[in-house]
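Worksheet: one structure, shown below.
Residue numbers (our numbering), protein chains in the order written: chain D, 665 to 1108; chain W, 665 to 1108.
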């Protein structure tokens, strides 16, 4: 497609390009524009009709949006902002540098500026920050044909018309009615007769992660958002909920690997920012690992007498770390999905210990055989290593499940640097057990 | 709520219970039932009207579904199956043990049994396996009022009526028309005039993960599924796409921690199955770690001369492991979200090496100072450890980014056991570098 458009651009077949682009999905047009250099992208972008241009613009990454805003005229800019949904406009303003924001606001109607100001006040991770105001607002007293007429008149985006909201004179949310309900109703019925008053809703300051969970739990298409007086102020649509779910998952992946989360895509993040997001945790974990070093130093006489002991340190540490990561990953994910609750702590711990007993037995048995066969039939060494391994597996899985649950009980994020912290703690335990047993068994 | 219903149950206030439950969201009723013991849960369940009972049933976990199926009469069972969506029925049949399946099929109409058989033939992870057949099928020739009449008549579930599909006489998909388009159209217009022929669709054998990506990319509410002849055979709704996204994320979390994925919730998985899902990878990684042990043995004379060297092994190994996990996590997630493609390999590697140069410098500088100050002003030891650390960070981040991209290029799953495998490889490199440098610097 790129070659085709590029060729048409060189042959100045602008009308054909416009036709071609309008036949495409605007998401794909936005992706296509990323392949062009800045000048060509701008030329192609300007060929789009106003409404399509605005839609394509909303799907572009931040840096491309900025270069478009900086290159187009005030008239073009104001056309795009007119067509943008309010939540997209607010996102744009939050992300652009100050000089661009100034130009954006200058080209926004006063009424919209007022709304934008209100939206900017919602906390970053709140329901208010991801809601939009393009929804259909009905009254209880409306008849079915009146309701349809109102929907036709307001005619907002397709995702947002199918669930309509009935509000009273003070804009307090009273009920929900779907277009399906309206279609199946008799002409004489009123909105008040058919609306559902058992409403699932969110407050503006609810956490957006909880909102996303509600979407997932109740299979919602949209969710009304109300203020403290239960006045309807906006709605959240399922596509924004999917975005939140993906973001939260990405954050959990990053946190669990001891990375400070960022919402920039990998290749758009500067090297120095990447380094900043990682180095603090690495430093902290490095310092903690020196305690493990101190433990080793404490047992220096053990391994100077039996140097073979040192060779098993990596195996013990890695296996302990892997067992701990397995447990913590399962528990953290289970908690994120709402399958494991705080009160399950004992049940979970017992589960993990039982699993550890089986896994530990398999690994230890394998290990005894291997060391006995390949390390000069040294049964004492084989038993020392294998017994330490067994203990390490049980300790690792206990810490791996208890730490995340404990963190959550203390109000901390269970995912933060889980695996690395657990690995560091398990290392210390594993080496202490290992050298203590070695001293006893081998009799140093 | 549990106490309230429990009390009403004891006082035999069955009508009040029924009223109370019908006012609730059926998802919440399903959760509530889990708190009751088996007998009480069954008694409460039986109080629900047929349609509600079927909905609650579809939200129950597998084990509760089974105990309900085993306890109710054939008549009740056939009532529930009648009301279930086809995709839920198929899921049920796939998950129940053989004797239950027999009873289920016995109580299903012949027509539905035929459909079930067709659905059971779709591959487990295919689009066909998550689609449903409850959709609205229009013809190009229908006028707008005819289309509305058809929608009212077929009147399927609310998530599935808002996007309608126009098919020709051979059931080949020709266009998509939304209820919004129909509402905004003139009465005299035909479906063929207003439908969109630029359709985003999936084939029955497409991977369901790709389907979920399409939902996310295009903000879809539903997606038509066609067979090889482009005949419309079903649709997928956004709520099922959200489920797929969550499942795939859970799988990636589990794979990255070296766990064989399972779709059972944590506490519903038997201990022996938990052990099975983890022990093989642990064994494999344990055996690989013995190579690291062999490397250490090869340098035995180094640490018998300078025992202090051993104390830094955990710090080097853990830091290398953490750096590798950070890189691989970012890359794997970036690939899963489509932000990083195979052809970006050089760009990504350069990015990671640049980050490693900064991070390595910070960690090494900190380390030189610490060892010099707290390990008897031993500048040679400080330099040896810090230089090895620097090299380890660069190696770890290179492997951490190259391995997942390489795996994907080879058609393997980049997430599988990424962090543990990388840790094992990095350990071997780190220790080789460490002892080699030690030999040179300290002159053993």
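C-beta atoms are modelled at their ideal positions from N, C-alpha and C, and glycine is treated no differently.
Quick one, which of the options has its alpha-carbon nearest residue i's?
{"i": "residue 1045 of chain W", "options": "W:793, W:870, W:1107 and W:717", "result": "W:1107"}
{"i": "residue 1001 of chain D", "options": "D:873, D:891, D:1104 and D:853", "result": "D:873"}
{"i": "residue 625 of chain D", "options": "D:889, D:1072 and D:908", "result": "Lying before the first or after the last residue shown, residue 625 of chain D is absent from chain D, which here runs from 665 to 1108."}
{"i": "residue 1042 of chain D", "options": "D:1014, D:1083 and D:972", "result": "D:972"}
{"i": "residue 797 of chain D", "options": "D:709, D:952 and D:886", "result": "D:886"}
{"i": "residue 837 of chain D", "options": "D:892, D:671 and D:814", "result": "D:892"}
{"i": "residue 989 of chain D", "options": "D:1082, D:730 and D:969", "result": "D:1082"}
{"i": "residue 896 of chain D", "options": "D:914, D:881, D:865 and D:730", "result": "D:865"}
{"i": "residue 809 of chain D", "options": "D:946, D:846, D:842 and D:881", "result": "D:846"}
{"i": "residue 790 of chain W", "options": "W:903, W:745, W:684 and W:875", "result": "W:875"}
{"i": "residue 768 of chain W", "options": "W:903, W:1099, W:734 and W:905", "result": "W:734"}
{"i": "residue 685 of chain W", "options": "W:709, W:701 and W:703", "result": "W:709"}
{"i": "residue 1058 of chain D", "options": "D:968, D:870 and D:1019", "result": "D:1019"}
Alpha carbon to alpha carbon, how far is residue j from residue i? Give it in angstroms, no decimals.
{"i": "residue 764 of chain D", "j": "residue 929 of chain D", "result": "22 Å"}
{"i": "residue 1029 of chain W", "j": "residue 980 of chain W", "result": "14 Å"}
{"i": "residue 998 of chain W", "j": "residue 1004 of chain W", "result": "5 Å"}
{"i": "residue 986 of chain W", "j": "residue 963 of chain D", "result": "26 Å"}
{"i": "residue 867 of chain W", "j": "residue 921 of chain W", "result": "32 Å"}
{"i": "residue 877 of chain D", "j": "residue 912 of chain D", "result": "11 Å"}
{"i": "residue 799 of chain W", "j": "residue 824 of chain W", "result": "6 Å"}
{"i": "residue 1023 of chain D", "j": "residue 1064 of chain W", "result": "27 Å"}
{"i": "residue 795 of chain D", "j": "residue 832 of chain D", "result": "21 Å"}
{"i": "residue 1006 of chain W", "j": "residue 1073 of chain W", "result": "7 Å"}
{"i": "residue 801 of chain D", "j": "residue 770 of chain D", "result": "30 Å"}
{"i": "residue 1050 of chain W", "j": "residue 1040 of chain D", "result": "36 Å"}
{"i": "residue 749 of chain W", "j": "residue 1014 of chain D", "result": "38 Å"}
{"i": "residue 678 of chain D", "j": "residue 672 of chain D", "result": "7 Å"}
{"i": "residue 1032 of chain W", "j": "residue 705 of chain D", "result": "50 Å"}
{"i": "residue 1076 of chain W", "j": "residue 942 of chain W", "result": "19 Å"}
{"i": "residue 738 of chain W", "j": "residue 766 of chain W", "result": "12 Å"}
{"i": "residue 1109 of chain W", "j": "residue 939 of chain W", "result": "Outside the shown range of chain W (665 to 1108) lies residue 1109 of chain W, about which nothing can therefore be said."}
{"i": "residue 780 of chain D", "j": "residue 772 of chain D", "result": "10 Å"}
{"i": "residue 819 of chain W", "j": "residue 842 of chain W", "result": "15 Å"}
{"i": "residue 983 of chain D", "j": "residue 949 of chain W", "result": "7 Å"}
{"i": "residue 991 of chain D", "j": "residue 774 of chain D", "result": "55 Å"}
{"i": "residue 883 of chain W", "j": "residue 835 of chain D", "result": "29 Å"}
{"i": "residue 755 of chain D", "j": "residue 784 of chain D", "result": "9 Å"}
{"i": "residue 752 of chain W", "j": "residue 902 of chain D", "result": "21 Å"}
Going by DSSP, what residue range makes up the alpha helix (DSSP H) through residue i?
{"i": "residue 838 of chain W", "result": "No alpha helix (DSSP H) holds residue 838 of chain W; the beta strand (DSSP E) holding it covers 837-842."}
{"i": "residue 897 of chain W", "result": "No alpha helix (DSSP H) contains residue 897 of chain W, which is instead part of the beta strand (DSSP E) from 896-901."}
{"i": "residue 880 of chain W", "result": "872-882"}
{"i": "residue 807 of chain W", "result": "No alpha helix (DSSP H) contains residue 807 of chain W, which DSSP labels as neither H nor E."}
{"i": "residue 678 of chain W", "result": "678-686"}
{"i": "residue 941 of chain W", "result": "935-962"}
{"i": "residue 707 of chain D", "result": "702-710"}
{"i": "residue 1051 of chain D", "result": "1043-1073"}
{"i": "residue 855 of chain W", "result": "855-858"}
{"i": "residue 785 of chain D", "result": "Unbroken run through residue 785 of chain D: none, as it is neither H nor E."}
{"i": "residue 992 of chain D", "result": "977-1000"}
{"i": "residue 743 of chain W", "result": "738-747"}
{"i": "residue 893 of chain D", "result": "Looking at the DSSP string, residue 893 of chain D is not in any alpha helix (DSSP H), and its letter there is neither H nor E."}
{"i": "residue 754 of chain D", "result": "750-759"}
{"i": "residue 1102 of chain D", "result": "1082-1102"}
{"i": "residue 796 of chain W", "result": "That residue, residue 796 of chain W, is in no alpha helix (DSSP H); it is neither H nor E in DSSP."}
By Cβ distance, which residues of its chain are closer than 6 Å to residue i, with the 5 residues on each side in sequence left out?
{"i": "residue 1062 of chain D", "result": "none"}
{"i": "residue 792 of chain D", "result": "786 and 868"}
{"i": "residue 1069 of chain D", "result": "1009"}
{"i": "residue 666 of chain W", "result": "699"}
I'd like the list of long-range same chain contacts for residue i, defined as Cβ closer than 8 Å, with 5 residues on each side in sequence excluded.
{"i": "residue 743 of chain D", "result": "714, 717 and 718"}
{"i": "residue 839 of chain D", "result": "804, 829, 830, 855, 856, 859, 860, 861 and 863"}
Specify, as a first and last residue, the run of the beta strand (DSSP E) that residue i falls within.
{"i": "residue 831 of chain W", "result": "827-831"}
{"i": "residue 889 of chain D", "result": "886-890"}
So, at 7 Å on beta carbons, what are the nonlocal neighbours of residue i in its own chain, with the 5 sequence-adjacent residues on each side left out?
{"i": "residue 976 of chain W", "result": "1049"}
{"i": "residue 918 of chain D", "result": "925"}
Does the beta-carbon of residue i, which I'm using as the reference point, lie nearer than 7 Å to any heavy atom of the ligand NAD?
{"i": "residue 665 of chain D", "result": "In terms of ligand content, the structure shown is empty, and the ligand NAD therefore cannot be addressed."}
Does the structure place the region 1079-1094 of chain D close enough to the region 694-710 of chain W that three or more beta carbon pairs sit under 8 Å? Output reads no: the region 1079-1094 of chain D does not touch the region 694-710 of chain W.
Does the region 682-696 of chain W come into contact with the region 722-740 of chain W, if we say contact requires no fewer than three beta-carbon pairs (one atom in each stretch) closer than 8 Å? Yes, the region 682-696 of chain W is in contact with the region 722-740 of chain W.
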